[in-house]
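Peer 1: Taken in order, these protein sequences are the chains called A and B. Numbers in our numbering are just positions in the first sequence, counted from 1, shifted up by 617. Numbers in our numbering are just positions in the second sequence, counted from 1, shifted up by 5. No residue lacks a Cβ here, since even glycine has one placed at the ideal position from N, Cα and C.
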Amino acid sequence: MRRALIALAWVACAACGSTSTFHVVTGTPGRPTRVDPRVYLEGASLPSDYTEVAIVQAIGRGTHADLEHVVEGVRAEAATLGCDAVIATHADSGQTQSSAVGVAVRWTAGPPPASAPARAAGAAVPWSPQGSTVVAPWATPQP
Amino acid sequence: MALGCAAMGCLGVHSVAMPTTAMRHRPFRGRVTVSLTRDPPGGAEVGVVEASSVATIDEVIPELVERVAQLGGNYARIDRIVTRYEWVSQPVTQSYQCGTFRFPNYCTRTYMQQHEVATLRATGRAFRVGLP
Chain A
618 MRRALIALAW VACAACGSTS TFHVVTGTPG RPTRVDPRVY LEGASLPSDY TEVAIVQAIG
678 RGTHADLEHV VEGVRAEAAT LGCDAVIATH ADSGQTQSSA VGVAVRWTAG PPPASAPARA
738 AGAAVPWSPQ GSTVVAPWAT PQP
Chain B
6 MALGCAAMGC LGVHSVAMPT TAMRHRPFRG RVTVSLTRDP PGGAEVGVVE ASSVATIDEV
66 IPELVERVAQ LGGNYARIDR IVTRYEWVSQ PVTQSYQCGT FRFPNYCTRT YMQQHEVATL
126 RATGRAFRVG LP
């Protein structure tokens with residue numbers, strides 16, 4: 618009985634949130650893709666070889682009113698339009714709602730090279746000794 | 006959204022278009038190109054536009070594009086889309102039974118209920134590209 622009540626409460630809590638997605642087509646959409654489009658926040662450096670396909674928006678309410686859900690929402694919406702990425706993504710949050718808007722694009726000259734993996738705060742920095750020098754891919758090369 | 010509209014007293018999308026040059030153009034009747042990331046190469050800016058609503062982008066962006074076309078532009082450069090949140094109070098009226106079995110009656114009461122309302126605002130510029 619107690620388990621049933623806990624399960625019911627869990628289901629009820631999960632139902633307290635929702636994410637809605639919208640788009641306005643500004644280019645030529647493609648077929649839905651299974652590849653997860655990459656999301657770039659506004660201000661991120663990007664290659665110029667892309668074609669705008671649509672403006673996408675995700676609105677999260679209740680327990681979905683956070684960055685995680687709205688970013689996932691714009692990513693999913695871009696995937697339905699056959700896009701490779703969502704760029705210039707901007708998110709705003711209230712107390713009971715969140716919204717993210719971005720531009721769904723397709724790369725015209727292949728995907729940009731993947732950037733170096735982000736390093737978590739406090740995590741060990743990978744390095745490899747080579748003779749008397751240390752190869753540190755994150756460090757600025759000395760002149 | 007309906008609650009937000011009722012609370013804010015709004016109907017539809019509010020928009021404004023303002024020419025930024027002395028030259029006036031006829032409204033453009035063709036297809037307007039929309040971009041959120043690029044200025045048009047060789048385009049001439051003819052005005053600034055803004056549209057806002059408690060609605061979503063699928064209502065706000067077409068209104069903005071319509072305003073661009075009214076200025077004679079054929080290229081809508083959207084500079085910013087932001088959502089602002091505010092709490093608004095709305096009177097809610099309820100009816101309830103307040104009589105007795107022998108003398109049934111209905112009463113009404115009104116109280117204020119608060120809702121968080123999201124307003125989406127898009128601002129941009131109208132350009133003419135390849136037009137005289």
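(1) Quick check: the Cα distance between ALA36(B) and PRO67(B), rounded to an integer number of angstroms?
(2) Looking at C-beta atoms only, is the number of pairs between the segment 701-712 of chain A and the segment 75-92 of chain B that lie closer than 8 Å three or more?
(3) Which residue's Cα is closest to the Cα of HIS51(B): THR25(B), GLU121(B), GLY17(B)?
(4) According to the neighbour-count rule (16 or more other Cβ atoms, all chains shown, within 10 Å of its Cβ), is ASP44(B) buried or exposed?
(5) State yes or no: is the beta carbon of GLU669(A) nearer than 9 Å to at least one beta carbon in chain B?
(6) Near THR697(A), which residues of its chain fall below 7 Å by C-beta distance, leaving aside the five closest residues on each side in sequence?
(7) Going by C-alpha to C-alpha distance, which of VAL691(A), THR636(A), GLY660(A), GLY699(A) sits closest to THR680(A)?
(8) Quick one: list the residues of chain A neighbouring THR42(B), beta-carbon separation under 9 Å, in chain order.
(9) Can you list, in chain order, the residues of its chain whose CB lies under 8 Å from that of SER40(B), leaving out five sequence neighbours each side?
(10) On the DSSP letters alone, give me the boundaries of the alpha helix (DSSP H) that THR697(A) sits inside.
(11) Is it the case that the Cβ atoms of GLY609(A) and PRO646(A) are separated by a distance below 9 Å?
(12) Beta carbon of ILE62(B), beta carbon of ALA127(B): below 9 Å?
(13) Give the residues of chain A in contact with ASP84(B), contact being defined as C-beta atoms less than 7 Å apart.
(14) Confirm, please, whether the CB-CB distance from GLN75(B) to PRO96(B) is below 9 Å.
(15) CB GLY727(A) to CB VAL656(A), shorter than 9 Å?
(16) Just the C-alpha distance for VAL21(B) and GLY644(A), rounded to the nearest angstrom, thanks.
(17) Report the CB separation of MET23(B) from VAL53(B) in whole angstroms; it is logged as a contact under 8 Å.
(18) Can you name the residues of chain A whose CB is closer than 7 Å to the CB of ALA123(B)?
(19) Taking GLY129(B) and LEU69(B) to be in contact with their CB atoms under 8 Å, please state how far apart those CB atoms are, rounded to whole angstroms.
(20) Please list the partners that TYR90(B) has in chain A, where partner means a Cβ-to-Cβ separation under 8 Å.
(21) Is PRO754(A) buried or exposed, if buried means 16 or more other CB atoms sit within 10 Å of its CB?
(22) Grab the span of the beta strand (DSSP E) containing VAL642(A) for me, first residue to last.
(23) Just tell me which of VAL722(A), ASP701(A), ALA702(A), GLU685(A) has its CA closest to the CA of SER716(A).
(24) On a Cα-Cα basis, can you pick out the residue from GLU71(B), PHE106(B), THR115(B), GLU91(B) that is closest to GLN99(B)?
Peer 2: According to the structure data:
(1) One point to set straight first is that residue 36(B) is Arg, not Ala, in the sequence displayed. In a straight line, the C-alpha of ARG36(B) is about 12 Å away from that of PRO67(B).
(2) Put simply, the segment 701-712 of chain A touches the segment 75-92 of chain B. At least three CB pairs are less than 8 Å apart.
(3) The residue you asked about is not His; residue 51(B) is Val in the sequence shown. Cα-wise, what sits closest to VAL51(B) is THR25(B).
(4) ASP44(B) comes out exposed.
(5) Closer than 9 Å: yes.
(6) Shown here for THR697(A): same chain residues with a beta carbon closer than 7 Å to its own, the five before and five after excluded, namely PRO649 in chain order.
(7) Residue THR636(A) is the option with its Cα nearest to THR680(A).
(8) By Cβ distance, chain A contributes LEU663, TYR667, GLU669, ILE704, ALA705, VAL720, VAL722.
(9) TYR80, ALA81, ARG82, ILE83.
(10) It spans 684-697 - the alpha helix (DSSP H) in which THR697(A) sits, taken as one unbroken run.
(11) This structure gives no information on residue 609(A), because the portion of chain A shown stretches from 618 to 760.
(12) Yes, the pair counts as a contact, with Cβ atoms nearer than the cut-off.
(13) Correct list: empty, because the minimum Cβ distance to chain A is about 11 Å.
(14) Taking 9 Å as the Cβ cut-off, PRO96(B) and GLN75(B) do not qualify as a contacting pair.
(15) No. Outside cutoff.
(16) Rounded to whole angstroms, the gap between the alpha carbons of VAL21(B) and GLY644(A) is 25 Å.
(17) Your pair MET23(B) and VAL53(B) checks out as a contact, with CB atoms roughly 5 Å apart and the cut at 8 Å.
(18) When 7 Å is used as the limit between beta carbons, ALA123(B) is near these residues of chain A: GLY711, GLN714, SER716, in chain order.
(19) Indeed, because the Cβ distance is near 6 Å, the residues count as touching under 8 Å.
(20) The contacting residues are ASP709, SER710, GLY711, GLN712, GLN714.
(21) Any reading at PRO754(A) needs caution, since the residue's pLDDT is 42, under 50, leaving its predicted position unreliable; the model's value is listed next. The C-beta of PRO754(A) has fewer than 16 other C-beta atoms within 10 Å across all chains shown, which makes the residue exposed.
(22) Counting along the chain, VAL642(A) sits inside the beta strand (DSSP E) bounded by residues 635-642.
(23) Nearest Cα to SER716(A) within the set VAL722(A), ASP701(A), ALA702(A), GLU685(A): GLU685(A).
(24) Of the candidates GLU71(B), PHE106(B), THR115(B), GLU91(B), the one whose C-alpha sits nearest the C-alpha of GLN99(B) is THR115(B).
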